[in-house]
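Novice:
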Amino acid sequence: MSSLALLILLAVVLALVLAVVIVLTMGCLAYVTHRHPSLTQPLTVAISGAGLLIACVAVAVAAVAAVLITR
573 MSSLALLILL
583 AVVLALVLAV
593 VIVLTMGCLA
603 YVTHRHPSLT
613 QPLTVAISGA
623 GLLIACVAVA
633 VAAVAAVLIT
643 R
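Numbering (our numbering), first residue to last: 573 to 643.
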């Protein structure tokens, strides 16, 4: 396989792993807030947690892209 094909395969696998991690994080946050209703609404916390996780990943990807572009 060419290096481009391997890079695309790696990107697809990482995207799938990231999707699984986001879904699990949302589920965990929703479960915790469901078990302890005094915290807040479960769906709001789950969506906020997923948004925060996606933002952190976007910052990491931007940092890696900036390093690779300046090389």
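For glycine and all other residues, C-beta sits at the position ideal for the given N, C-alpha and C.
Evaluate residue 618 with the Cβ neighbour count: other Cβ atoms within 10 Å of its Cβ, from every protein chain shown; 16 or more gives buried, anything less gives exposed.
Specialist: Stepping through the sequence shown from its first residue, residue 618 is reached at position 46. Buried is the call here.
Novice: Looking at the structure shown, is residue 574 part of a helix, part of a strand, or coil, going by DSSP?
Specialist: If you number the sequence shown from 1, residue 574 lands on position 2. Residue 574 falls in the coil class under three-state DSSP.
Novice: Which value, in whole angstroms, describes the spacing of the CA atoms of residue 594 and residue 622?
Specialist: For the purposes of this step, residue 594 is taken as the residue at position 22 of the sequence shown. For the purposes of this step, residue 622 is taken as the residue at position 50 of the sequence shown. Roughly 6 Å separates the two Cα atoms.
Novice: If you run the structure through DSSP and keep just helix, strand and coil, what is residue 606?
Specialist: Locating residue 606 in the sequence shown gives position 34, where the first residue counts as 1. Of the three classes helix, strand and coil, the one that applies to residue 606 here is helix, per DSSP.
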